[in-house]
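Here the working numbering is used: the sequence shown runs in plain steps of one and ends on residue 1361.
Notes for the one structure printed next.
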Amino acid sequence: MWPLFPKKSVSPKKWAAEQNDNTLTSLYSQLDNLVAFRFHVKQKKLAHQNNLMSSSSGNHHALRKGRGMTFSEVRQYQAGDDIRHIDWRVTARTQKPHTKVFIEEHERPVIVVTEQTPALFFGSQTRLKINQALNISAILSWVALSQNERVGGLSFNHHHHQWVAPKRSQATLLTNLQKAIQLQLAIQNPGASNPMYWQNTLKKLNQVVKPGSKVFLVGDLLQLSQTSRGYLQKLRRHNDIVALHIVDPLEKTLPNLGWLSLTATPHHSAEQNLTLDSFNPETRAWYAQRYQTQWQHAFKQFTQLNIPLLEITSDQHPVEQLSRYRVIV
């Protein structure tokens, strides 16, 4: 969506410095704080995909072998393979016997994809969206590791990607968090959401993620291109995906504070100064509907791909929100 920032305080860094309270204790994420989440989720587990989306697209949920097993891939038949798992459609098409391969649930790699772009470098209270995105990613990673899963990640900002291959290792998890923080530190000012950021990331994700993985997407996610949706559809065929949209309360509801000067930065457009009368109920209704329209459109697109899209607000506790949605149980 178009980021809207108070006209007199476009930079969160300047805004934070001017505050008399400790609303934003730190502009950038701190590794110690991300590590501390491990103690909040000791007894938590990642919920099954069916808990988040009851309907199935029929891609790989229909290919479940039994409790604790999930479809991984189709490959050419090898001596010793169970003939009950032969994929007859692929066999007929290729004229060579192919079989479905299943893996145990606990063997599934967990990949956490974290957006750290200028579009998230904004916060009206408590913390910046970019901090909350990394909080969510850290929590999911710690929960997965506590289940003895292999955990990896792909973090990105407006210039770079950082891929960390999944391993059953705390050192690997910490490396992933450190790389994400490095990307975050490169952000100095807020900016417009660019659909190419996620498009390039999803393209790379298709190249590095192994079939049968559990993938979490954490970021804005409301303006995916048609090409991005194609990458998502391809990725979803053999993987579970959960999308978590990070939003600030100010993006959803206009505060009742009188005349407000805002700066809008739509993608590929110059900054636009907006003056809104927040006392006017019609203005506040228009503002709220603007967000709801984008949210509902994105929600429909993800639902069509059989991917749950969940809304995470930047001001609420990340563990509580993930528990409320039953992403972690």
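Even for Gly, the Cβ is constructed at its ideal location relative to N, Cα and C.
Backbone secondary structure at residue i - three-state DSSP
i     : result
T1149 : coil
H1130 : strand
H1270 : coil
D1309 : strand
Q1075 : coil
K1246 : strand
I1219 : coil
S1355 : helix
Q1108 : strand
A1330 : helix
G1155 : coil
S1293 : strand
V1142 : strand
A1275 : strand
Cβ neighbours of residue i in the same chain (closer than 8 Å, five flanking residues each side left out)
i     : result
S1355 : K1076, V1361
G1290 : D1309, S1310, F1311
N1331 : Note that residue 1331 is Phe in the sequence shown here, rather than Asn. Contacts found: L1341.
R1107 : H1130, T1131, V1133
D1113 : T1131
Proximity test, residue i beta-carbon vs the ligand MG heavy atom, cut-off 7 Å
i     : result
A1224 : Of the ligands one can find in the structure shown there are none, so the ligand MG has no counterpart to examine.
Residue-chain proximity (residue i, chain B), Cβ-Cβ < 8 Å
i     : result
N1226 : Absent from the structure is chain B; it holds one protein chain and no more.
Contacting residues, own chain, Cβ-Cβ under 7 Å from residue i (five flanking each side not counted)
i     : result
T1055 : Low confidence applies here, because T1055 scores a pLDDT of 42, under 50, leaving its location unreliable; read the following figure in that light. Excluding positions up to five away in sequence, the list reads Q1157, T1158.
H1072 : V1351
S1201 : none
Own chain residues within Cβ distance below 6 Å of residue i, not counting five before or after
i     : result
Y1319 : L1286
R1099 : Confidence is the limiting factor: at R1099 the pLDDT is only 44, short of 50, which leaves the residue's position unreliable, though a coordinate-based value still follows. Here the set comprises nothing.
P1038 : A caution first: P1038 carries a pLDDT of 46, below 50, which makes its placement in the model too unreliable to give a value.
Q1353 : I1344
T1259 : Q1231
P1227 : Q1255, S1257
D1252 : A1151, S1225
Opening and closing residue of the beta strand (DSSP E) in which residue i lies
i     : result
A1197 : 1193-1199
S1187 : 1183-1188
E1343 : 1341-1345
Whole-number beta carbon distance between residue j and residue i, since they are thought to touch under 8 Å
i     : j     : result
V1175 : V1250 : That pair is no contact at about 14 Å.
P1340 : A1275 : 7 Å
T1149 : H1190 : 5 Å
T1131 : Y1109 : 5 Å
Q1208 : S1245 : A small correction: the amino acid at residue 1208 is Asn; Gln does not occupy that position in the sequence shown. That pair is no contact at about 15 Å.
G1184 : P1141 : 6 Å
Boundaries (first-last residue) of the alpha helix (DSSP H) holding residue i
i     : result
Y1229 : 1227-1240
I1168 : 1161-1178
Q1081 : 1081-1084
P1281 : 1281-1284
V1067 : 1063-1068
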